[in-house]
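The block underneath contains the structure these notes are about, expressed in structure tokens.
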Amino acid sequence: MFRFLFSRIGLLIPTFLGVTIISFGFIRLLPGDPVLLLAGERGISDERYAELMDQFGFSRPIWEQYFDYLVGLLNGDLGTSIVTKKPVLTEFMTLFPATVELALCAIVIAVALGIPAGIIAAVRRGSFTDQTIMGTALVGYSMPIFWWGLLLIILFSGILQWTPVSGRISLLYFFPQTTGFMLIDSLLSGQPGAFKSAVSHLILPSIVLATIPLAVIARQTRSAMLEVLGEDYVRTARAKGLSSSRVIGLHALRNALIPVITTIGLQVGVLLAGAILTETIFSWPGIGKWMVDSIARRDYPVVQGGLLMIAAIVMIVNLIVDVLYGLVNPRIRHT
Amino acid sequence: MIIRRTMKAALLGASLSALLVSAASAKTLVYCSEGSPEGFDSALYTAGTTFDASSKPVFNRLVEFVRGSTEVRPGLAESWTVSDDGLEYTFNLRKGVKFHSSASFTPTRDFNADDVIFSFARQLDKNHPWHSYTAGASWEYFNGMSMPDLVKEIVKVDDYTVKFVLTRPEAPMIANLAMDFASIQSKEYADKLAADGKMELMNQEPIGTGPFQFVGYQKDAVIRYQAFADHWAGKQPIDNLIFAITTDASVRLQKLKAGECHVAPFPAPADIADIKADANLTLMEQEGLNVGYMAYNTKMAPFDNPKVRKALNKAINKQAILDAVFQGAGQAAKNPIPPTMWSYNDAVEDDAFDLEAAKAMLEEAGVKDLKMKIWAMPVQRPYNPNARRMAEVIQADFAKIGVDVEIVSYEWGEYLKRSKETDRDGAVLLGWTGDNGDPDNFLAVLLGCDGVGGSNRAQWCHQPFEDLIQKAKVTSDKAERTKLYEEAQVVFKEQAPWATIAHSVVFMPMSSKVSGYVMDPLGGHWFDGVDIAE
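These protein sequence lines map, in sequence, to chains Z and D.
The C-terminal position of the first sequence is numbered 317 in my numbering, with every residue numbered one higher than the one before it.
The C-terminal position of the second sequence is numbered 531 in my numbering, with every residue numbered one higher than the one before it.
Here it is in structure tokens:
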């Protein structure tokens, strides 16, 4: 098991180095630079341009800049935002809990609804229920997030007025951000109604962000279940006279879950990508919106630092999934 | 460490709860702002969104723009005098002006000349300890308005008198001092931050003399302010001001309709009719202080011939552009300055849309089978919400007079850089939004000889025009300046270095409960003097 773990961690190091090169190079490949954008229509003299490029360190050879970036990383320094003049890591840590809270709620919804939906569809294969579930999953998978989010806002917040339009909590509540997780902070604040307000603000964005993973998990569960339900041991279990729920819940589901766990792990990347749009629509102050703004402003340190942190998180989650997978299925560890 | 953090949180919680209790009976106005501020030290930035959240609520300047106008009135300076040679501006400062306080700072003295000197010296003097107080600090507006070349020195005459000595006479100087970069900071606060080793807080926890004092900012989500009870001009009608950051225009409208905010700027053009129809909402509108134009390269043939430029201008159907690009939220431009600006020459006649006349003029100029490029900006701006569409309309118009147009575009930074080149191929779509309400800010910056190879995209240096605007720049008599600028607009129209396209109309939707809101022609959002019905 330890050899398996070490080999997986060993693989992370070159991957991480690769990510530093991509995150550093990606934003610089885009035409335009932060100084030109800073000046805008107002323009900037050549001397002032050169002065600012020097000040930000962008006039030095690219390899020197990259080397400095790596040295900074080793010291835990992701650089300083050109725009806000604040350390990138501080900004990331301020905004990250909001994204995690949203992503966790979304994945809980996706798993809680996706797996049962997949099981029902598999068990009732070919029926109207199966067709309905799979049809809905296909629609959910193909739904443009931006449009879907606005549609929900107009219906539930505008017409029915069941949920708030956007934000993390009603503006009436104002308390210190102890953990950065609004559900926890609202409870800690002790202010009556704060927790309820935080939950009501979380509903729509979680549904929107959960839509695609939910569809993927439902489809994956269905196909894995179908495969397992055709296996000999399931037939044997049925022949032994076990109840249908026992056969499905105990024998079939446990084996079918292995590929589903992998799928759930892979959804972390999808969730972080989806968060960019979801956060923009719902004015959710997380890292997605922060990255979009920074790309538009060519804020090099924020883009490269943010990308690196996101990539590192996806890699770590995948490592955990790999390890879990190895625990569930011993054959994996030895291959 | 943990105990200290917990105590700090508890203390903050207690003070915030107190604020909340008072908030229950207080008047709170929520503004759904369109973006996050980059910081709160406005002199470091150039974006309107940042100014709305920093300089406008929290700070004052020596002089201020009259609400809803580009005229200047006394601010922290009660009065000022200008020397006969136009080189010395002496300001008499207001007495008894209080600075805000915060959990970490309590002012011990009122505003005085030291604060004025500090606020400008840090921008002017490269060796000033506050010149580079935060990573990548640059004073772009101060530099952009040529203040380092213009200001020779700033002298403290006494505690309540300050003198600006200039290197040359400059009539727009007073208007410059009403701009956001000229916001007055507290030197006492700066000294405390320096002593505590926390200089970066200047950009995060602002202390000013403005109508609202900063309470807190939750990044990308909410900014909170409280009306400043000791404000020199009196307390505001509202008690709390909240900026709820909402970047999407459709979502802003939904929040406005749901009562989650009271004022929401920059509506989507498609939503205007819906807003007008809603009885609970009020829609204010005003011409923006901007101009959208197409600049020919007057250094390249055949565009070096005013007749050719004039002919092409006659072939542009501006009404079609207003309909297709501005969707009604614009008005045709005939001058290079907007109608809301003083010295606008309404007597100038626009080139009437006349394809036959355009064709004839081109033939007269000996131009046949003309092929040209039109540059379309890759970004949206109030003065040009859709440059690609605008270029297509012009392309279709020009095709009718036998001119073949190729539309090109570049990434925004590249676009701005390449369009400055004097040997640039093609006519550039661009525009300008006024900084200080002075005509010099349009005419000299965009059409003066100094701007060739820079902000003068037409690369146009025409001596009669240049003489007029230079004379106006050093004349302090406003009536005389008005005359000179009016004349300059006539010369501009004859020479046609640009096709003037449109001035946008800015819409401002708000709840009908809001009263006292005045639209700013310079595009800012001010909440002093605004009230809300319970």
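We put the beta carbon where it would ideally sit given N, CA and C, even for glycine.
Just so we're clear, the structure is a prediction, and the values are computed from it rather than from any experiment.
### Ala134 of chain D: contacting residues in chain C (beta-carbon distance under 8 Å)
In summary, chain C is missing from the structure at hand, where the protein chains are Z and D.
### Task
Take Phe524 of chain D as the anchor and find which of D:Val515, D:Glu531, D:Lys368 has the nearest alpha-carbon.
One-based indexing of the second sequence puts residue 524 of chain D at position 527. Phe524 of chain D has its Cα closest to that of D:Val515, out of D:Val515, D:Glu531, D:Lys368.
### Query
Just reading off the alpha helix (DSSP H) that Gln47 of chain Z is part of, what are its end residues?
Looking up residue 47 of chain Z in the first sequence gives position 65. Bounds of the alpha helix (DSSP H) holding Gln47 of chain Z are 44 to 56.
### Task
Give a yes or no on whether 8 Å exceeds the smallest Cβ distance from Ser180 of chain D to chain Z.
Indexing the second sequence from 1 puts residue 180 of chain D at position 183. It does not; no Cβ of chain Z falls within 8 Å.
### Nearest candidate by alpha-carbon position, reference Phe300 of chain D, set D:Tyr86, D:Gly526, D:Ala455, D:Met505
The residue labelled residue 300 of chain D in the question sits at position 303 within the second sequence. Cα-wise, what sits closest to Phe300 of chain D is D:Ala455.
### Message
Just checking: is the beta-carbon of Gly410 of chain D within a distance shorter than 8 Å of some beta-carbon in chain Z?
### Response
Against the second sequence, residue 410 of chain D aligns to sequence position 413. By this cut-off, Gly410 of chain D is an interface position.
### Task
Kindly list the residues whose CB is nearer than 8 Å to the CB of Phe62 of chain D, restricted to its own chain and excluding five residues on each side of it in sequence; keep chain order.
Taking the first residue of the second sequence as 1, we reach residue 62 of chain D at position 65. Excluding residues within five positions, the ones whose Cβ falls inside 8 Å are Glu68, Val69, Arg70, Ala175, Gly434, Asp517, Leu519.
### Message
On the CB-based measure, 16 or more other CB atoms within 10 Å of its CB, does Val18 of chain D come out buried or exposed?
### Response
The count along the second sequence starts at 1 and reaches residue 18 of chain D at position 21. With a pLDDT of 39 at Val18 of chain D, under the threshold of 50, the modelled position of that residue is not reliable, and no figure is offered here.
### chain Z residues whose Cβ lies nearer than 9 Å to that of Asn140 of chain D
Along the second sequence, one-based indexing puts residue 140 of chain D at 143. Per Cβ cutoff of 9 Å: Ile26, Ser27, Arg30.
### Query
How many angstroms separate the CA atom of Val511 of chain D from the CA atom of Lys252 of chain D?
As a working mapping, residue 511 of chain D is identified with position 514 in the second sequence. As a working mapping, residue 252 of chain D is identified with position 255 in the second sequence. Roughly 15 Å separates the two Cα atoms.
### Query
Run through DSSP, which three-state label would Tyr214 of chain D get?
In the second sequence, counting from the first residue as 1, residue 214 of chain D sits at position 217. Strand.
### Message
Quick check on Asp420 of chain D: does DSSP put it in helix, strand or coil?
### Response
One-based indexing of the second sequence puts residue 420 of chain D at position 423. In this structure, Asp420 of chain D counts as coil in the three-state DSSP scheme.
### Query
Given Ala355 of chain D, which residues of its chain have a CB within under 6 Å of its CB, disregarding the five upstream and five downstream residues?
Position 358 of the second sequence, counted from the first residue, corresponds to residue 355 of chain D. The answer, listed in chain order, is Ala308, Lys311, Ala312, Ile398.
### Query
Would the beta-carbon of Gly326 of chain Z fall within 8 Å of that of Ala241 of chain D?
Since the first and last residues shown for chain Z are -17 and 317, residue 326 of chain Z lies out of range.
### Task
Within 10 angstroms of the Cβ of Val584 of chain D, are there 16 or more other Cβ atoms? Answer buried if so, exposed if not.
Lying outside -2 to 531, the shown extent of chain D, residue 584 of chain D is not represented and no answer is given.
### Residue from D:Val79, D:Asn342, D:Asp122, D:Val527 with nearest C-alpha to Leu481 of chain D
Numbered from its first residue, the second sequence carries residue 481 of chain D at position 484. Residue D:Asn342 is the option with its Cα nearest to Leu481 of chain D.
### Message
Just to check my reading of the structure: Val405 of chain D and Trp372 of chain D have Cβ atoms closer than 8 Å, yes? What is that Cβ distance to the nearest angstrom?
### Response
By 1-based counting over the second sequence, the position of residue 405 of chain D is 408. By 1-based counting over the second sequence, the position of residue 372 of chain D is 375. Their Cβ separation, rounded to whole angstroms, is 6 Å, which keeps Val405 of chain D and Trp372 of chain D in contact under 8 Å.
### Query
Roughly how many angstroms separate the alpha carbons of Gly72 of chain D and Gln182 of chain D, rounded to a whole number?
On the second sequence, position 75 is the one that residue 72 of chain D refers to. On the second sequence, position 185 is the one that residue 182 of chain D refers to. Straight-line Cα distance between these residues: approximately 14 Å.
### Query
Grouping DSSP H, G and I as helix and E and B as strand, with all else coil, what is Gly100 of chain Z?
Stepping through the first sequence from its first residue, residue 100 of chain Z is reached at position 118. Here Gly100 of chain Z carries a helix assignment [DSSP, helix/strand/coil].
### Where Thr472 of chain D falls: helix, strand or coil (DSSP)
Position 475 of the second sequence, counted from the start, is the residue given in the question as residue 472 of chain D. Of the three classes helix, strand and coil, the one that applies to Thr472 of chain D here is coil, per DSSP.
### Query
Can you give, in chain order, each stretch of the alpha helix (DSSP H) that sits fully within the segment 146 to 187 of chain Z and has at least 4 residues?
164 to 171
### Query
Quick one: what does DSSP say Met505 of chain D is sitting in, helix, strand or coil?
As a first step, residue 505 of chain D is located in the second sequence; it is residue number 508 there, counting from the start. In this structure, Met505 of chain D counts as strand in the three-state DSSP scheme.
### Query
Can a CB atom of chain D be found closer than 8 Å to the CB of Arg324 of chain Z?
The question about residue 324 of chain Z has no answer here: the residues shown for chain Z are numbered -17 through 317.
### Task
Name the one or two DSSP bridge partners that Ala224 of chain D has.
The residue given as residue 224 of chain D occupies position 227 in the second sequence. DSSP lists D:Phe209 as partners of Ala224 of chain D.
### Own chain, CB closer than 8 Å to Asp15 of chain Z, minus 5 neighbours either side, in chain order
Taking the first residue of the first sequence as 1, we reach residue 15 of chain Z at position 33. Result list for Asp15 of chain Z: Met35, Phe40, Arg280, in chain order.
#### Entry: Ala393 of chain D classed as buried or exposed, judged by whether at least 16 other C-beta atoms fall within 10 angstroms
In the second sequence, residue 393 of chain D corresponds to position 396, counting from 1. It is exposed - the Cβ of Ala393 of chain D has fewer than 16 other Cβ atoms within 10 Å.
### Message
At the 8 Å Cβ level, is Asp15 of chain Z part of the contact set with chain D, yes or no?
### Response
Counting from one through the first sequence, the residue named residue 15 of chain Z turns up at place 33. Closer than 8 Å: yes.
### Message
Helix, strand or coil, according to DSSP, for Val345 of chain D in the structure here?
### Response
Stepping through the second sequence from its first residue, residue 345 of chain D is reached at position 348. Coil.
### Task
Keeping to the same chain, check which residues put their C-beta closer than 8 Å to that of Leu121 of chain D; ignore five residues upstream and five downstream.
As a first step, residue 121 of chain D is located in the second sequence; it is residue number 124 there, counting from the start. For Leu121 of chain D, where only same-chain residues beyond five positions count, the Cβ hits under 8 Å are Phe139, Met144, Pro145, Val148, Ile151.
### Message
Just to make sure I have the definition right: I need the residues of chain Z whose C-beta is within less than 7 Å of the C-beta of Ser247 of chain D. Which are they?
### Response
Looking up residue 247 of chain D in the second sequence gives position 250. Residues of chain Z whose Cβ lies closer than 7 Å to the Cβ of Ser247 of chain D are, in chain order, Leu132.
### DSSP state of Tyr482 of chain D mapped onto helix, strand, coil
Reading the second sequence from its first residue, position 485 is the one you call residue 482 of chain D. Note: Tyr482 of chain D maps to helix in three-state DSSP.
### Query
Helix, strand or coil: how does DSSP classify Ala20 of chain D here?
Sequence index remark: in the second sequence, residue 20 of chain D carries index 23 (1-based). Only weak support is given to the placement of Ala20 of chain D: the predicted model assigns it a pLDDT of 47, under 50, and the question is left unresolved by the model.
### Neighbour-count burial assignment, Asn124 of chain D, 16 or more Cβ in a 10 Å radius
Locating residue 124 of chain D in the second sequence gives position 127, where the first residue counts as 1. The residue is exposed, with fewer than 16 neighbouring Cβ atoms inside 10 Å.
### Query
Between Thr(-3) of chain Z and Tyr412 of chain D, what straight-line distance do the alpha-carbon atoms span, to the nearest angstrom?
The count along the first sequence starts at 1 and reaches residue -3 of chain Z at position 15. The count along the second sequence starts at 1 and reaches residue 412 of chain D at position 415. Distance between the alpha carbons of Thr(-3) of chain Z and Tyr412 of chain D: 36 Å.
#### Entry: Residue interval of the beta strand (DSSP E) (run including Ser76 of chain D)
Here residue 76 of chain D corresponds to residue number 79 of the second sequence, with the count starting at 1. Per DSSP, Ser76 of chain D belongs to the beta strand (DSSP E) from 74 to 79.
### Query
Relative to the C-alpha of Thr326 of chain D, which residue among D:Ala496, D:Met505, D:Val162, D:Asp528 is closest?
Stepping through the second sequence from its first residue, residue 326 of chain D is reached at position 329. The amino acid at residue 326 of chain D is misidentified as Thr; the sequence shows Ala. Closest option to Ala326 of chain D, Cα to Cα, is D:Met505.
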